[in-house]
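Undergrad:
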Amino acid sequence: QPSQDFVGKKILITSGPTQEAIDPVRYISNHSSGKMGAAIADSFADQGAEVHLVLGKGAVRPQHPGITIHSVVSAQEMYEKVSSLHPSADITVFAAAVADYAPKNIAEEKIKKAGDAMTIELVKNVDIAFSLGKEKKWNQIHVGFALETENEEFHAKEKLEKKNFDLIVLNSMRDSGAGFQSDTNKVRIFSGDGSSINSEVLPKSEIAQLILKCIKQLPVKI
Ligand code: PMT
Numbered sequence: 181q182p183s184q185d186f187v188g189k190k191i192l193i194t195s196g197p198t199q200e201a202i203d204p205v206r207y208i209s210n211h212s213s214g215k216m217g218a219a220i221a222d223s224f225a226d227q228g229a230e231v232h233l234v235l236g237k238g239a240v241r242p243q244h245p246g247i248t249i250h251s252v253v254s255a256q257e258m259y260e261k262v263s264s265l266h267p268s269a270d271i272t273v274f275a276a277a278v279a280d281y282a283p284k285n286i287a288e289e290k291i292k293k294a295g296d297a298m299t300i301e302l303v304k305n306v307d308i309a310f311s312l313g314k315e316k317k318w319n320q321i322h323v324g325f326a327l328e329t330e331n332e333e334f335h336a337k338e339k340l341e342k343k344n345f346d347l348i349v350l351n352s353m354r355d356s357g358a359g360f361q362s363d364t365n366k367v368r369i370f371s372g373d374g375s376s377i378n379s380e381v382l383p384k385s386e387i388a389q390l391i392l393k394c395i396k397q398l399p400v401k402i
């Protein structure tokens, strides 16, 4: 029987990929399956929390029946949904892989094949974690992720500070059994106070439990 340490707490989690439409039949996205976010949602629900999962299209759903799922497609939609739920959330976990850029214009009709090359103009999407990091209150906790391919620790620590996270979970594309798609992950978790822990390659359910353990050790009173 899992501990019931999160009874009465409201948890907000983003998970899965965003899709940025190019035209009615095409989009820009990434390889996120939503497995990591679903595992975190299940862990919190198992420990008694009220869980709201803002989920990108096609992402894996959690198993716990009590979790509220809010389906979204684009980064803008994810931002709007997360913003509306955030003020009352005790803990927010940003596990989604949000597209950093989206097509400037969505073509109304399917774009026809023409020349040998084509250009799509992209514009920056809102950074959900950064934007809500500025709104974070003293009694709210933010946990971010960093998915990196090089200079991992440097980039993760930079994001921890810039996005005002209390914890950041680094997964590297260079580690096998880690990151997108797989049922396992290998992480380093950095906390705002400078401490860190490393995991082995473990099932995402166990990585989720480790993240919850780190959250419980934070000095923030929620
Ligand atoms: O879904 P799975 O297949 O199980 O894979 C899990 C995962 C690899 C997607 C997950 O563990 C993970 O690392 N998620 C974050 C991926 C990512 O986009 O990382 P990033 O380094 O680009 O972003 C840093 C942080 O800012 C993340 O918390 C991200 O959710 C957040 N962000 C980024 C961009 C943006 N526009 N808005 C955001 O909120």
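Numbered per full-length UniProt numbering, the sequence shown spans residues 181 to 402. A virtual CB, placed ideally from N, CA and C, is assigned to each residue, including glycine.
Pairing CB atoms from the region 243-250 with CB atoms from the region 387-399, are three or more of them under 8 Å?
TA: No: fewer than three Cβ pairs fall under 8 Å.
Undergrad: Of the choices Val306, Glu330 and Asn351, whose alpha-carbon is the least far from that of Gly324?
TA: Locating residue 324 in the sequence shown gives position 144, where the first residue counts as 1. Looking at the Cα atoms, Asn351 is the closest of the given residues.
Undergrad: Give a single yes or no on whether Asp296 has its beta carbon closer than 7 Å to a heavy atom of the ligand PMT.
TA: For this step, residue 296 is matched to residue 116 along the sequence shown. Result no, Cβ not under 7 Å from the ligand PMT.
Undergrad: Ignoring anything shorter than 3 residues or poking outside the region 246-282, list the beta strand (DSSP E) runs there in chain order.
TA: Segments of the beta strand (DSSP E) lying fully in the region 246-282: 248-251 and 271-274.
Undergrad: Quick one: does the C-beta of Ile308 sit closer than 7 Å to a heavy atom of the ligand PMT?
TA: Numbered from its first residue, the sequence shown carries residue 308 at position 128. Checking every heavy atom of the ligand PMT against the Cβ of Ile308, one is found closer than 7 Å.
Undergrad: With a threshold of 7 Å, establish whether the CB of Ala282 neighbours any heavy atom of the ligand PMT.
TA: Mapped onto the sequence shown, residue 282 falls at position 102. Flag unset: Cβ of Ala282 not near the ligand PMT.
Undergrad: Just reading off the beta strand (DSSP E) that Ile369 is part of, what are its end residues?
TA: Taking the sequence shown and counting its residues from 1, one reaches residue 369 at position 189. Ile369 -> beta strand (DSSP E) spans Val367 to Ser371.
Undergrad: Who are the near neighbours of residue 171 in its chain, counting only those whose CB is closer than 7 Å to its CB and skipping five residues on each side?
TA: Here the chain covers residues 181 to 402 and nothing more, so residue 171 does not appear.
Undergrad: Under 6 Å Cβ to Cβ from residue 413, same chain only, skipping five residues before and after it: list those, please.
TA: The requested residue 413 does not occur in the structure, where the chain is confined to residues 181 to 402.
Undergrad: Quick check: the Cα distance between Lys342 and Glu333, rounded to an integer number of angstroms?
TA: For the purposes of this step, residue 342 is identified with residue 162 of the sequence shown, where counting begins at 1. For the purposes of this step, residue 333 is identified with residue 153 of the sequence shown, where counting begins at 1. Straight-line Cα distance between these residues: approximately 14 Å.
Undergrad: When the Cα of Ile308 is compared with those of Ile348, Gly196, Gln256 and Lys189, which residue comes out closest?
TA: Here residue 308 refers to the residue found at position 128 of the sequence shown. Measuring from the Cα of Ile308, the nearest candidate turns out to be Gln256.
Undergrad: Three or more C-beta pairs under 8 Å: does that hold for the region 314-328 against the region 284-303?
TA: Verdict: no, contact absent.
Undergrad: Please give the ranges of any alpha helix (DSSP H) in the region 290-342, keeping only runs that are unbroken, at least 4 residues long and fully inside the region.
TA: Listed in chain order, they are 308-313 and 332-342.
Undergrad: Would Asp226 pass as an interface residue toward chain E - the criterion being a Cβ-Cβ separation below 8 Å?
TA: In the structure shown, chain E cannot be found, because there is only a single protein chain.
Undergrad: With Ser254 and Gln199 assumed to form a contact (beta carbons below 8 Å), what rounded beta-carbon distance in angstroms separates them?
TA: Within the sequence shown, residue 254 is the residue found at index 74, counting from 1. Within the sequence shown, residue 199 is the residue found at index 19, counting from 1. That belief holds up - the Cβ atoms of Ser254 and Gln199 are roughly 6 Å apart, short of 8 Å.
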